[in-house]
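Asker: Handing you this structure, nothing more for now.
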Amino acid sequence: TAFASRHGKRHGGGGKKSRLRCSKKPLHVNFKELGWDDWIIAPLEYEAYHCEGVCDFPLRSHLEPTNHAIIQTLMNSMDPGSTPPSCCVPTKLTPISILYIDAGNNVVYKQYEDMVVESCGCR
Amino acid sequence: FQQASISSSSSSSAELDTTKDVRNRKEGKMSRAPRESSAGRTPRERPEPRLRPEQEPQSQEREPPGRAPRVVPHEYMLSIYRTYSIAEKLGINASFFPSSKSANTITSFVDRGLDDLSHTPLRRQKYLFDVSTLSDNEELVGAELRLYRRAPSAPWGPPARPLRVQLHPCLSPLLLDAKTLSPHGATRAGWEVFDVWRGLRHQPRKQLCLELRAGAWGEPDAAAGDAEARAGAPQQPPPAPPDLRSLGFGRRLRPPQERALLVVFTRSQRKNLFAEMREQPDSVEAAGDPSPGAAQGSPWPSPSGAPDIGPWLPSPGRRRRR
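Line by line, the protein sequences are chains A and B. Note that our numbering has the first sequence beginning at 3, numbered continuously upward. Note that our numbering has the second sequence beginning at 49, numbered continuously upward.
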């Protein structure tokens, strides 16, 4: 089955919409639209990105799959009913700096971890 | 290597825009085309907030009803934000900067004290700060008091004698820091920065009171001293310390950007900083308060797009400790 599905797409790819592989997509965060602009001074918006797409066989190395994801993907490709495919998730995140007003109306600079997706992968 | 710090200029929003450009350019998204006027921008590319420098940092500009009053940040905090956020986008960890003292949180408090003019000459000044919002579960890694000294209108003492000013906790002999002001250097206005970390470390995190005292005159400058000796002038006893206002420390009619600022550097061990706000001891949602009034709904915007108030968000119009 794995072998068939490995090449199935190329031959049968015409009718079926080829599903997007796991990758990083834009996600524009606007704190004003979130209603947070009464305490966040800057930035009022930033590019956070998000991960989207399928983790299907064969997994590309840049998706940095865990061994578990490799096994899960292989089993899913052999028998989709046995297990779902592995998940497309952030594999590297970076912080952003935020200047905001705290409960005492003081101005605070804080570095918030894990606010921007740098890379996506299958886990 | 290029110094990543940014001079604190008033065109803050332009630099904030630069921050965004740096990120986009790094992503390869930004064309080098000149920036079109904001009118031509699609809503998604709204420029960074226009921080109006003439606003009072502590004065609560009247916001439309239902909105918490807006505090305008001190120029120093804006320059900290600009420096570290651009460094972040360049992949430089902000904690590498000595000035950040490896902190990931920098909180600024504006002085609430006033000069006690019943005493003239004014040889002591009390600076008062409400530091009750400092979280106890964050590690204090540094604290400094920034005093803006105006250029004195007239020379304040014997031309050749430097003057020491000292900083103590109020009603305490503990010397936190001292500065020697040389008569020559004092002709220019500028910021005097005192290290007050020791004063905050043992202090219960409520009100912090610091006292600036005009200390003793230093020894006359070597050259000038010899000139005095050669002139055969008898050694005059040093005059009494001057009035702090003649040194440029007077606080009357100060614009907000020149008011004294306490800057506290802390490091939070917790990775997820937003959760920290949710778990503030007195935020009702975190306590699972059963009363219907406390239920603020889910923290995520409701399908209608109007965001419910999350556990860490101030409800519109009412400021809540987060």
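Note that the Cβ used here is the ideal one computed from N, Cα and C, for glycine as well. Predicted model, so just to flag it, every value in this text is computed and none were measured.
On the premise that residue 242/B lies in contact with residue 215/B, defined as a C-beta separation below 8 Å, what is that separation, rounded to the nearest angstrom?
Answerer: Correct: roughly 5 Å between the Cβ atoms.
Asker: Beta-carbon within less than 7 Å of residue 249/B's beta-carbon, same chain only, minus the 5 sequence neighbours each way: which residues are those?
Answerer: 188, listed in sequence order.
Asker: According to DSSP, is residue 75/A helix, strand or coil?
Answerer: Residue 75/A falls in the helix class under three-state DSSP.
Asker: Between the Cα of residue 45/A and the Cα atoms of 95/A, 100/A and 88/A, which residue gives the shortest distance?
Answerer: Checking every option, the nearest Cα to that of residue 45/A belongs to 100/A.
Asker: So with Cβ pairs under 8 Å, would you call residue 123/A a contact of chain B?
Answerer: Chain B contact via Cβ: absent.
Asker: Which of the residues in the segment 160-182 of chain B, read from start to end, lie with their CB under 7 Å from any CB of chain A?
Answerer: Listed in sequence order: 178, 180 and 181.
Asker: Among all the DSSP beta bridges, which residues are the ones paired with residue 315/B?
Answerer: DSSP lists 187/B as partners of residue 315/B.
Asker: Relative to the C-alpha of residue 56/A, which candidate in 34/A, 77/A and 91/A has its C-alpha closest?
Answerer: Answer by Cα proximity: 91/A.
Asker: Just checking my contact of residue 98/A with residue 123/B at CB under 8 Å: how many whole Å lie between their CB atoms?
Answerer: Going by Cβ atoms, the distance from residue 98/A to residue 123/B rounds to 21 Å, so no, they are not a contact pair.
Asker: Three or more C-beta pairs under 8 Å: does that hold for the segment 77-94 of chain A against the segment 28-36 of chain A?
Answerer: The answer is no - the segment 28-36 of chain A does not touch the segment 77-94 of chain A, with fewer than three Cβ pairs under 8 Å.
Asker: Per DSSP, what kind of secondary structure is residue 69/A in: helix, strand or coil?
Answerer: Three-state DSSP puts residue 69/A in a helix.
Asker: Measure the C-alpha to C-alpha separation of residue 317/B and residue 121/B and round it to an integer number of angstroms.
Answerer: Looking at the two C-alpha atoms, the distance is approximately 26 Å.
Asker: Taking residue 287/B as the reference, give the member of 199/B, 263/B, 257/B and 299/B with the closest Cα.
Answerer: Comparing Cα-Cα distances from residue 287/B to each of 199/B, 263/B, 257/B and 299/B, the minimum goes to 263/B.
Asker: Among the residues of its own chain, which have a CB less than 6 Å from the CB of residue 161/B, if the five just before and after it don't count?
Answerer: So the qualifying residues of the chain are 174, 175 and 176.
Asker: Thinking C-alpha only, which one of 245/B, 212/B, 258/B and 227/B is nearest residue 221/B?
Answerer: Nearest C-alpha to residue 221/B: 258/B.
Asker: Just to check my reading of the structure: residue 195/B and residue 297/B have Cβ atoms closer than 8 Å, yes? What is that Cβ distance to the nearest angstrom?
Answerer: Contact holds; Cβ gap of about 6 Å.
Asker: Which residues in chain A sit within 7 Å of residue 152/B, going by Cβ to Cβ distance?
Answerer: The contacting residues are 112 and 113.
Asker: If you draw a straight line from the alpha carbon of residue 172/B to that of residue 129/B, how long is it in whole angstroms?
Answerer: Those two C-alpha atoms are separated by around 33 Å.
Asker: Please report the straight-line C-alpha distance between residue 300/B and residue 168/B, rounded to a whole angstrom.
Answerer: Rounded to the nearest angstrom, the two C-alpha atoms are 14 Å apart.
Asker: Quick one: is residue 228/B buried, meaning 16 or more other Cβ sit within 10 Å of its Cβ, or exposed?
Answerer: With fewer than 16 Cβ atoms within 10 Å of its Cβ, residue 228/B is classed as exposed.
Asker: Quick one: is residue 29/A near chain B, going by C-beta distance under 8 Å?
Answerer: Answer no: the Cβ-Cβ gap between residue 29/A and chain B never drops below 8 Å.
Asker: With the cut-off set at 8 Å, would you say residue 48/A and residue 119/A are in Cβ contact?
Answerer: No, they are not a contact pair.
Asker: State the start and end residues of the unbroken alpha helix (DSSP H) segment that holds residue 239/B.
Answerer: First-last for residue 239/B: 238-243, but that is the beta strand (DSSP E), not the alpha helix (DSSP H).
Asker: From the beta carbon of residue 103/A, is the nearest beta carbon of chain B less than 8 Å away?
Answerer: Answer yes: the Cβ-Cβ gap between residue 103/A and chain B drops below 8 Å somewhere.
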